[in-house]
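> First the structure, then my questions, so here it is.
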Amino acid sequence: MQMSSVNDVKIYNLSHGKSLPEWLSDRKKRQLQKKDADIQRRIELIQDFEMPTVCHSIKVSRDGQFILAAGTYKPRIRCYDTYQLSLKFERCLDSDVVAFDILSDDYSKLVFLHCDRYVEFHSQHGHYYKTRIPKFGRDFSYHYPSCDLFFVGTSSEVFRLNLEQGRFLNSLQTDAVENNVCDINPVHHLFATGTSEGKVECWDPRVRNRVGMLDCALSSLTEGTEVQALPSVSALKFNGSLTMAVGTSTGQVLLYDLRSSRPLLVKDHFYNLPIKSLSFQDQLDLVVSSDAKIIKIWNKDNGKVFSSIQPQTNINDVCIYPHSGMLFTANEDPKMNTFYIPALGPAPRWCSFLDNLTEELEESPESTVYDDYKFVTRKDLENLGLSHLVGSSLLRAYMHGYFMDIRLYHKVKSMANPFAYEEYRKDKIRQKIEESRTQRVQVKKLPKVNKDLALKLMEEGDDEAELASRKKKGKALPSLLGDDRFKVMFENPEYQVDEHSEEFRLLNPIVSKVGLKRKKKLRLLAQQTAASEQTAEEEEEPEGRASSEEESSDDDKSWVEEVREQRKMLWQEGRDRRRQDRKEADRNTVLLEREQNGGDKTAKMAESKKSSQPQFYQIKAGEEFRSFNDMARKQKLQKASLEDRLKLEENSGTSNVADTAVGSKQLTFTLKKSEQQRKQQQAEREHHEERKKLRRSAGHLSSGRGRGWGGGRGRGGGGGRGRGRGRSRTRRKTEEADVKTCRVETSSPLRSARNHNSRKSHTRYSAGPGLESYLKGFNFTGEPPWLLCAQETATLNSISFVFKTAIIECICLSHLQDDRDAFYICDLGDVLKKHLRWVRVLPRVTPFYAVKCNDSRAVVTTLASLGTGFDCASKTEIQLVQSLGVDPSRIIYANPCKQVSQIKYASAHGVQMMTFDSEVELMKVARCHDNAKLVLRIATDDSKAVCRLSVKFGAQLKACRGLLERAKELGLDVIGVSFHVGSGCTDANTYRQAIADARCVFHMGEELGFNMDLLDIGGGFPGSDDADLKFEEITAVINPALDKYFPADTGVKVIAEPGRFYVASAYTLVVNIIAKKVIMDEESVSDDEDEGTNDRTLMYYVNDGVYGSFNCILYDHAHCLPTLPKKPKPDEAMYPCSIWGPTCDGLDRIVEQCYLPDLQVGDWLIFENMGAYTMAASSTFNGFQRPDIHYVMSRPAWQHVQQINLQGMPAPAEESRPFEVSACCGQESSLEMSTKPCQAHVV
């Protein structure tokens, strides 16, 4: 804060001081605030009260709570809340603001005039509306009675924009070429505009007529003034009903009474600069005028200057806070200045503390010294015994004390304490003694224990303190001597450092010079301590001695020799110790004597055989047996060259093994394996044993003729009839034309076939003729066929392990071919089970499979053979379905927005049923399709569905009658109603309401003469049993609703469009881990924790991602979780994992978090329920191809498809009976495999 006084009027600049740049970090700002005194003493009345570059204009709202300022760069508006003393909001604008105004009491209604002719309106929440005026604007005013905005600018017209009607009204035509400023009288609402010719035109907004004109340019000139050009009007302001102030471009302010054409007063700023702003201070009848350099405050009656303010930067605008002495200025500077003039009025209520702080916090206060008075408090008066003087003329109350005459104070002081001078004298003497002691040598007190270490720490502390004093920011580290945690080390004798130990000598080999110096210094300190203890009561202490030249000379490099000497001494001591240990070991060596059987005879026999039999010696535990024979010869041989040793061996004919000094030994090392390695090896051994149990001979699997499925005579794979177990004795070289033979290389489960019969390099599987015709048109190029059949007691519901068998076979084949690409396994038998389930629980509803869900040719063929219809949405899907021989009557073109060319294609190929939901679609169908049978699609409440469709498709109920009437006019045939509750529906009651709405539309159609007999209930059915809403729960709602609104006797055909229901669970995706990353947890306790702890996070990268099969995560809101081909062990550690796709996009994340064991690159992961909206929407982004698909079908499923083709759909009750068919030869670790052959079907 800065205080200045002009004409004895104090002006406080509350924003004075340095402005910190915006690019400084908060930490730097805090550091500067601590160090810089100017910044510390600065008062930041409103936080961040500044602009990035320049402030153009500033205003205060009518309620006084908000201050709004417009500035640049970038163009913006900032609103400050005075109640919170901080920034409330900031809004960036498209262009610079020429002028703005506040239309409401707060900030909720703002108008901005931009430099690009745009007028922008803001409401409380932000931008509201923007329009444009015909000419560039310079100023505007708001007429409250009529809600008109008057815009003046580079035109003779004054543009009027009525905010109530929202349009421009007739303009006011002035005589000026351009208009610079304008204002409206707050009492009688007279409109005035200042022109570039120096005139002011006054208009009555009620009748839109000019009522007067003032020539301010001539009135501002005095006699004898040289004029180069007439001044223009640059500022205009009304005060009351009759007073008006006009500012000119040459720096004059003219004060008018509207009843006179001559000015009452002309005030010149003498800067020859345009007047920027004009304001009135009504309490003291003052005028506040400003140009770019100065703000002048003067009396409006006589023009006498009251005070003036001259900021350091140019001024753009001035704003007076209402009914106070505070001013705000907008400057050509980031900072917006705040001035407080107590003479103009009190401080605003939100900063009323300024009235008390301005005098105390000014930067250069004017202190008044009272030399003849002494300030005392009430406690001082009590000590002096003058409490009885309170209230008399000798004491003058001031603040928390009193002023009294200084002579009276000294007299009473001397009487109250006559010995004050003696105390003063003793204090002075004591201070001088302390000052002299600081120049003496300070004796360091050493602890009783570890004196050498303490002295070393003291020296290091002195060096660090000296180094820290040289650096500005350096700080000396605390010493161990002053740390209470290490206090015991210098007090307890048990912590004494043993300098003669081997560890100390190795860690401190340089002990010569430094050690001698430190010991001498210790002796010196001990002497000084003793002397100081003797002369403790004397005034002076003995000074320390200087170190000798020998002590301080450490420049030579003798410490190198000292290190060598210390190491040599240690080596000699160790050698002597080892030699002594060897001698002791030789003394303790004992011969192993043979057991005596008794008698001298046995002893003599032993002595006679002693020379011929080998002698054995017993070596004690921990001892070494050493021989010293020929030690010199062996050492000499070791020193000889390689050539000499080879010659010696050739001469002797033997190869000698040179003994070392410790004898001849053979050492065997066994590396200790980690717990994880042992577990992994154990798992590999168990897996190997498990696979060995599953191996079986495959030599009997050969092709042959006969009615039976076997290849031989009897019950087996022979060449005769029947299903006997016998093996074929002859091998056919040719096969019948109606039998398709496929080769499958044996994988690891079938490896025993090659071991059993090495002549058979491959296994043959054959398919019957019926399957050949069923698979006509399938394209399996490059895809290995897989067989599946079932045991005699198996049913459709007991073949779940068949699917797992196919996965294991595919994985094994991928290992053999070294091709570990991702692949699908599709169980077409699951599609059949879903169809049977549909027929059982929804007998009245005919399924029309939604081809867009999965356009696999195998799936479409299977469903076509089951008699389902098809929901097609494009020309390509229609082509696919019709290429399989499906009749057009079983196809519905269920796309409400169809391309014209595709409508023509449907018409040409007999597809008649199609949906619509708009009038435009009706017109397209009427123009392109002659025999269309239309189905009106209505909108439903799909708010509880995962994928909402009614936001895009479907007509509202209130629009259905109009569409039906339009279809009647066009001559089109509307046969029914369709709806879709959304994909992934979670509320079954949605179907009930939709069926009821469809009944209403049926009534509308019947009233208009349409014969409507088709109801399409759409899709939304779950595809797996783990869904939140089960399929049976939905059907429990649909069946009663159909019976209620569409009874069977009405003849209405009901269809549905299931897609996910049929194929979701039929597909399983198998992916391979191609990369792995381990992220260790920083918070793990130690490295030797149990393996079950989650001390790491694993990231697995697989060869399929969200740009491929897992696009369902992004587009279908799917949640995919992996499973393992083999169930992990209960004690196997599980880690938090994330799974990522192979592309280079960070969005390619499949699973955010799951728990899996520690897998390796090359392992497989399995994702189930991957048949719906996966590969149908996949791409080849980054060049990654789509996975291959391997189709499987069990023997019961195949037989049931044949039965449906020949006999039609069986009764629903028959589906639950088991089908007596043969067993599956799928292989799984938990199955006991039979060796009997079975014929395989390749799908």
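At position 408 of the sequence shown (counting the first as 1) the number is 410 in our numbering, and the numbers step up by one without a gap. Even for Gly, the Cβ is constructed at its ideal location relative to N, Cα and C.
1. Could you name each continuous beta strand (DSSP E) segment of 3 residues or more that falls completely within the stretch 249-274, going from the start of the chain to the end?
2. Which class does Ser885 belong to by DSSP, given the choice of helix, strand or coil?
3. Between which two residues does the alpha helix (DSSP H) carrying Ala1038 extend?
4. If the criterion is Cβ atoms closer than 8 Å, does the pair Lys302 and Val320 meet it?
5. Anyone know if the C-beta pair for Pro313 and Asn274 falls short of 8 Å?
6. Check for me: the beta strand (DSSP E) holding Asp1190 runs from which residue to which?
7. Grab the span of the alpha helix (DSSP H) containing Ala1174 for me, first residue to last.
8. Tell me which residue opens and which closes the alpha helix (DSSP H) that Trp205 is part of.
9. Rounded to a whole number of angstroms, what is the C-alpha to C-alpha distance between Met5 and Phe240?
10. Kindly provide the ranges of any beta strand (DSSP E) runs that are 3 or more residues long and lie completely inside the stretch 1111-1193, ordered along the chain.
11. Which of the three DSSP states is assigned to Val913 in this structure?
12. Within this structure, are the beta carbons of Pro324 and Val62 separated by less than 8 Å?
13. Applying the criterion that 16 or more other CB atoms from any shown protein chain within 10 Å of the CB defines a buried residue, is Lys960 buried or exposed?
14. Count the other CB atoms, across all protein chains shown, that sit within 10 Å of the CB of Leu966; report buried if there are 16 or more and exposed otherwise.
15. Can you tell me where the alpha helix (DSSP H) holding Ile997 begins and where it ends?
16. Quick one: Cα of Phe114 to Cα of Arg208, how far?
17. Taking its Cβ as the centre, do 16 or more other Cβ atoms sit within 10 Å of Asn1171, making it buried, or is it exposed?
18. Inspect the beta-carbon positions of Ile1081 and Val1104 and report whether they are closer than 8 Å.
19. Around the C-beta of Ala247, are 16 or more other C-beta atoms found within 10 angstroms, so that it is buried, or is it exposed?
20. Between Phe405, Leu356 and Thr250, which has its C-alpha nearest Arg380's C-alpha?
21. Report the three-state DSSP secondary structure of Ile135 (helix, strand or coil).
22. What is the rounded straight-line gap between the Cα of Leu410 and the Cα of Ala345?
23. Does DSSP put Ser17 in a helix, in a strand, or in coil?
24. Using three-state DSSP, classify Asp107 as helix, strand or coil.
25. Smallest Cα separation from Ala824: which of Glu501, Glu645, Pro1189 and Val922?
26. Just curious, the alpha helix (DSSP H) that Ser867 is in, first and last residue?
27. Have a look at His190, Pro188, Asn182 and Lys132 and flag the residue whose alpha-carbon is nearest the alpha-carbon of Leu163.
28. Enumerate in chain order the residues of its own chain whose CB-to-CB distance from Val917 is below 8 Å, with the five nearest sequence positions on each side excluded.
29. Where His58 and Cys81 are concerned, what is the direct C-alpha to C-alpha distance, given to the nearest angstrom?
30. Are the beta-carbon atoms belonging to Ile1152 and Trp1142 less than 8 Å from one another?
31. Classify Phe506 as helix, strand or coil using the three-state DSSP reduction.
32. Between His911, Leu868, Gln901 and Ser643, which lies nearest to Leu882 when the distance is taken from Cα to Cα?
33. Return the CA-CA distance between Glu1008 and Met1014, expressed in angstroms with no decimal places.
34. Note down, in chain order, each residue of its chain lying with its Cβ closer than 7 Å to the Cβ of Val902, except the 5 sequence neighbours on either side.
35. So Thr250 and Pro233 are in contact, right, with Cβ under 8 Å, and what is the actual spacing, rounded?
36. Below 8 Å between beta carbons: does that hold for Tyr1117 and Cys1139?
Inspection of the coordinates gives the following:
1. As far as the stretch 249-274 is concerned, its whole beta strand (DSSP E) runs of at least 3 residues are 254-259 and 265-270.
2. Translated into the one-based positions of the sequence shown, residue 885 becomes position 883. Taken through DSSP and simplified to helix, strand or coil, Ser885 comes out as helix.
3. Numbered from its first residue, the sequence shown carries residue 1038 at position 1036. Phe1033 to Tyr1047 is the span of the alpha helix (DSSP H), which, as asked, contains Ala1038.
4. For this step, residue 302 is matched to residue 300 along the sequence shown. For this step, residue 320 is matched to residue 318 along the sequence shown. Contact flag unset, no.
5. For this step, residue 313 is matched to residue 311 along the sequence shown. For this step, residue 274 is matched to residue 272 along the sequence shown. In this structure, Pro313 keeps its C-beta atom at 8 Å or more from the C-beta atom of Asn274.
6. Here residue 1190 corresponds to residue number 1188 of the sequence shown, with the count starting at 1. Asp1190 -> beta strand (DSSP E) spans Asp1190 to Val1194.
7. Residue numbering aside, residue 1174 sits at position 1172 when the sequence shown is read from its first letter. Segment: none, Ala1174 is in no alpha helix (DSSP H) and carries neither H nor E.
8. As a working mapping, residue 205 is identified with position 203 in the sequence shown. Looking at the DSSP string, Trp205 is not in any alpha helix (DSSP H); the run it does join, the beta strand (DSSP E), is Lys201 to Asp206.
9. As a working mapping, residue 5 is identified with position 3 in the sequence shown. As a working mapping, residue 240 is identified with position 238 in the sequence shown. The C-alpha of Phe240 is placed about 32 Å away from the C-alpha of Met5.
10. Listed in chain order, the beta strand (DSSP E) elements of length 3 or more contained wholly in the stretch 1111-1193 are 1137-1142, 1151-1158 and 1166-1169.
11. To locate residue 913, count along the sequence shown from 1; it is residue 911. Correct three-state label for Val913: coil.
12. Taking the sequence shown and counting its residues from 1, one reaches residue 324 at position 322. Taking the sequence shown and counting its residues from 1, one reaches residue 62 at position 60. Cβ distance < 8 Å, so Pro324 and Val62 count as in contact.
13. On the sequence shown, position 958 is the one that residue 960 refers to. The residue in question, Lys960, is exposed, as its Cβ has fewer than 16 Cβ neighbours within 10 Å.
14. If you number the sequence shown from 1, residue 966 lands on position 964. Counting the other Cβ atoms within 10 Å of the Cβ of Leu966 gives 16 or more, which makes it buried.
15. Taking the first residue of the sequence shown as position 1, residue 997 is located at position 995. For Ile997, the enclosing alpha helix (DSSP H) starts and ends at Asn991 to Glu1009.
16. Taking the first residue of the sequence shown as position 1, residue 114 is located at position 112. Taking the first residue of the sequence shown as position 1, residue 208 is located at position 206. Counting only the Cα atoms, Arg208 lies some 25 Å from Phe114.
17. As a first step, residue 1171 is located in the sequence shown; it is residue number 1169 there, counting from the start. With 16 or more Cβ atoms within 10 Å of its Cβ, Asn1171 is classed as buried.
18. On the sequence shown, position 1079 is the one that residue 1081 refers to. On the sequence shown, position 1102 is the one that residue 1104 refers to. In this structure, the beta-carbon distance from Ile1081 to Val1104 does not fall below 8 Å.
19. Position 245 of the sequence shown holds residue 247. Its Cβ being crowded by 16 or more others within 10 Å, Ala247 is buried.
20. Within the sequence shown, residue 380 is the residue found at index 378, counting from 1. For Arg380, the closest C-alpha among the options Phe405, Leu356 and Thr250 is that of Phe405.
21. Here residue 135 refers to the residue found at position 133 when the sequence shown is read from its first residue. It is coil, neither helix nor strand.
22. Within the sequence shown, residue 410 is the residue found at index 408, counting from 1. Within the sequence shown, residue 345 is the residue found at index 343, counting from 1. Whole-angstrom Cα-Cα distance: 39 Å.
23. Position 15 of the sequence shown, counted from the start, is the residue given in the question as residue 17. Here Ser17 sits in coil by DSSP.
24. Here the question's residue 107 lines up with position 105 in the sequence shown. Three-state result, Asp107: coil.
25. Here residue 824 refers to the residue found at position 822 when the sequence shown is read from its first residue. Ranking Glu501, Glu645, Pro1189 and Val922 by CA distance to the CA of Ala824 puts Pro1189 first.
26. Within the sequence shown, residue 867 is the residue found at index 865, counting from 1. Ser867: member of the alpha helix (DSSP H) spanning Arg859 to Ser867, first to last residue.
27. For the purposes of this step, residue 163 is taken as the residue at position 161 of the sequence shown. Comparing Cα positions, the closest option is Lys132.
28. Translated into the one-based positions of the sequence shown, residue 917 becomes position 915. For clarity, residue 917 is Thr in the given sequence; the question names Val instead. In the same chain as Thr917, and ignoring 5 residues on each side of it, the C-beta atoms closer than 8 Å to its own belong to Ile894, Tyr895, Ala896, Asn897, Pro898, Leu936, Val937, Leu938, Arg939, Ser980 and Asp1018, in chain order.
29. Walking along the sequence shown from the start, residue 58 turns up at place 56. Walking along the sequence shown from the start, residue 81 turns up at place 79. One C-alpha to the other measures close to 14 Å.
30. Residue 1152 sits at position 1150 when you count from the first residue of the sequence shown. Residue 1142 sits at position 1140 when you count from the first residue of the sequence shown. Cβ distance < 8 Å, so Ile1152 and Trp1142 count as in contact.
31. The count along the sequence shown starts at 1 and reaches residue 506 at position 504. Helix.
32. Sequence index remark: in the sequence shown, residue 882 carries index 880 (1-based). Between Leu882 and the set His911, Leu868, Gln901 and Ser643, the nearest pair of CA atoms involves His911.
33. The count along the sequence shown starts at 1 and reaches residue 1008 at position 1006. The count along the sequence shown starts at 1 and reaches residue 1014 at position 1012. Near 7 Å, if we compare the C-alpha coordinates of Met1014 and Glu1008.
34. On the sequence shown, position 900 is the one that residue 902 refers to. Cβ neighbours of Val902 beyond the five flanking positions: Lys926 and Cys930.
35. Translated into positions along the sequence shown, residue 250 becomes position 248. Translated into positions along the sequence shown, residue 233 becomes position 231. Confirmed, Cβ separation roughly 4 Å.
36. Within the sequence shown, numbered from 1, the residue matching residue 1117 stands at position 1115. Within the sequence shown, numbered from 1, the residue matching residue 1139 stands at position 1137. Taking 8 Å as the Cβ cut-off, Tyr1117 and Cys1139 do not qualify as a contacting pair.
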